[in-house]
Structure formats: structure tokens, C-alpha cells
Amino acid sequence: MKLATWNVNSLAVRLPQLLAWLDAHRPDAVVLQETKLTDDKFPAAEIEAAGYRAQWHGQKTYNGVALISRSEATGVVKNIPGFGDEQARVIAGTVDGPFGRVRTIGAYFPNGQAPDSEKFAYKMRWLDALREWVRAELAEHPQLVLMGDFNIAPEDRDVYDPVAWAGQIHCTPEEREHFRQFVGLGLVDAFRLFEQPPKSWSWWDYRNLAFRKNQGLRIDHVLVSEALKPRVTACTIDKAPRKNERPSDHAPVVVEIA
DNA sequence: ATGACGGTGTGGCACCGA
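Residues in the first sequence are numbered consecutively from 310, following the numbering used here.
Quick look at the structure:
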């Protein structure tokens, strides 16, 4: 089965690209971040016409997440239970796979702005809450995938200029420690299960010709549970949509599980 | 180099993202 995560940076703008991508790749499920749509504006009809079911959790202007799947998702959860959050950042559901149902969690992690900011403190609280909820989800659903825009570059090799980015947002020791704690729950970074081209990024700034110069960060991730790890056959970043006219600044990350 | 680029909501720009 094929699963993917994609920060679309406005689903209103990127819907045609999403539909084309679904058509080309026929994934079993995709989680979206930064839909930037209130729930009444979600393009459910267009996505259903493409042969997919959808679950969504949106808000105005910022954030907004969705879970698109070929099978109907069950046990849908929006945001982190017990963590009061004004911001729509999490959607989870259970989807069909050839080896049983797979718990699929899509998340748009807070950016954090700067290490000394209130937004960074929120990011830390949010990460604590997500980790503890994912711990409980794993106990209930051994076949689990946590994917999304983590806004964390786990290691220096995930950063085009690690010297310039040292200690900066996405690269702080605190954020990287949080990433390791997710791994400590019994999850694995699917991308690093395989040999990958050096300088593999999932995000490139819109500015400074960053994509053309391949100056980016790997901040979008797919973490799979130990039960799924032996089944993972590939994990790739699809740079093709970043070459579209009016692209998202993020590329989809795709995992294949057999 | 604190700006660029792009999206949103607003209103002729400000804010935010990463």
C-alpha cells in the first residue's frame, strides 16, 4: 500500500495539483497540511469524484489538515485529545491495508518561529501532548503511521547549510530531542530505512531560487511503527510537484508498505 | 543582508510561514 504526506500550502490553490497527483500515483491514503480552509469550504465533492473519501479539520487562514483515503477512515480523531488547541493541526483515522488496518495520523507540527518565542514554548507543549497521545495510540494500534510536516530537521544531513542553521528554528537541540522521543516510542523514520541521495529535502524556500539551487530542509516525515517496519519497501520524496507552476513550497513524501 | 516569495484577509497593506 502507498501512503503519503503533503503540505499543500492552501488547498484552494493546490486542489488541481492534488487531483492530478492522486490520479498519477493512486495512493491508498494521503494526509494534507495547511489546507487553510474552513470546514464548509473543503472540496469534498472534487475529492470524492476522484475516487477518494475525505476527513478534514480546518480553520480560517492558517493550519488545517485532512485525511484522504480510498477506503472509508474509521475512528477519526481531530486534534490531540485532552489538549485544548485553537489550531487545527491533527487528523487521524484507520484505513484498510492488504495486511490489516493501519492507524494513520497526519499532523502539522507548529513552526515555532524562534527558540526564544512564545510560539516555541507552544511547540514544546504541543510536542509533549502529541507524543503522549501517540504512545497511547500505538498501544491500541500496533500498525501505525505518523506522518506530516514535523517542522523539525532531525539531523544536520537534513539541512542544506547546517552551520548557518545551527540552533535556529527546526534545528534546535530541543526539537531534535523531541524527534528522537517519537522514535523512542517505537517508531522509525521510514526515509532513513533506505539509501537516499545526499541533499534530500522536502521543503525549499520560495525565495532566493532555493529550489533551483536545491537549498532546503527535510522537515516532512513518515514514521512507521515497529510492526510495519519490516514491510516498508520504499520511502521517497516526490520533487515533481515542486516543479509545477505555483507549487507548494513542500514536496510530498511517499511510503510504500507491502 | 532580515529582504526576498507566496497565501490569506483586508484594504491599498500586515501577518505568517520556515
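Idealized CB from N, CA, C, for every residue including glycine. Predicted model, so just to flag it, every value in this text is computed and none were measured.
Kindly indicate which three-state DSSP category residue i falls into: helix, strand or coil?
{"i": "W510", "result": "coil"}
{"i": "D437", "result": "helix"}
{"i": "R412", "result": "strand"}
{"i": "Q364", "result": "strand"}
{"i": "K311", "result": "strand"}
{"i": "L494", "result": "coil"}
{"i": "V443", "result": "helix"}
{"i": "Y515", "result": "coil"}
{"i": "D467", "result": "helix"}
{"i": "L331", "result": "helix"}
Considering only the alpha carbon of each residue, which of the options lies closest to residue i?
{"i": "F408", "options": "K538, D547, I414, E484", "result": "K538"}
{"i": "N372", "options": "G391, D348, I356, Y361", "result": "D348"}
{"i": "L455", "options": "A536, L496, D514, G391", "result": "L496"}
{"i": "A567", "options": "A549, P550, V533, R555", "result": "V533"}
{"i": "Q368", "options": "S378, P390, I377, K345", "result": "K345"}
{"i": "Q524", "options": "D558, D405, D332", "result": "D558"}
{"i": "R516", "options": "G493, P556, P507", "result": "P556"}
{"i": "A353", "options": "L376, A423, E343", "result": "L376"}
{"i": "T383", "options": "A475, A543, V404, H334", "result": "V404"}
Using a Cβ-Cβ cutoff of less than 6 Å, which residues in the same chain neighbour residue i once the five nearest sequence positions on both sides are dropped?
{"i": "P561", "result": "A313, W315, D547"}
{"i": "K387", "result": "H366, I400"}
{"i": "L328", "result": "A359"}
{"i": "Y469", "result": "Q524, G525"}
If you draw a straight line from the C-alpha of residue i to the C-alpha of residue j, how long is it?
{"i": "D337", "j": "G421", "result": "31 Å"}
{"i": "L320", "j": "R412", "result": "24 Å"}
{"i": "D437", "j": "V322", "result": "32 Å"}
{"i": "T481", "j": "W510", "result": "18 Å"}
{"i": "W513", "j": "A519", "result": "6 Å"}
{"i": "E389", "j": "E504", "result": "Here the sequence assigns Ile to residue 389, which means Glu is not the residue at that position. Rounded to the nearest angstrom, the two C-alpha atoms are 33 Å apart."}
{"i": "D529", "j": "G457", "result": "6 Å"}
{"i": "A499", "j": "L453", "result": "12 Å"}
{"i": "S378", "j": "E427", "result": "35 Å"}
{"i": "R335", "j": "Q490", "result": "32 Å"}
{"i": "A475", "j": "E554", "result": "32 Å"}
{"i": "Q396", "j": "P550", "result": "27 Å"}
Can you find the residues in the same chain that come closer than 7 Å, C-beta to C-beta, to residue i, ignoring five residues on each side of it along the sequence?
{"i": "P451", "result": "S534, A536"}
{"i": "W442", "result": "I389, P390"}
Identify, in the order they occur along the chain, each residue of the same chain with its Cβ nearer than 8 Å to the Cβ of residue i, setting aside the five sequence neighbours on each side.
{"i": "P471", "result": "D465, C480"}
Exercise for the section: Would you be able to state if there are at least three C-beta pairs under 8 Å between the segment 458-470 and the segment 484-496? Expected result: Cβ pair count under 8 Å is three or more, so yes.
Exercise for the section: May I ask you to verify whether the segment 421-441 touches the segment 349-364, counting CB pairs closer than 8 Å and requiring at least 3? Expected result: As far as the Cβ criterion goes, the segment 421-441 does not touch the segment 349-364, which means the pair count is below three.
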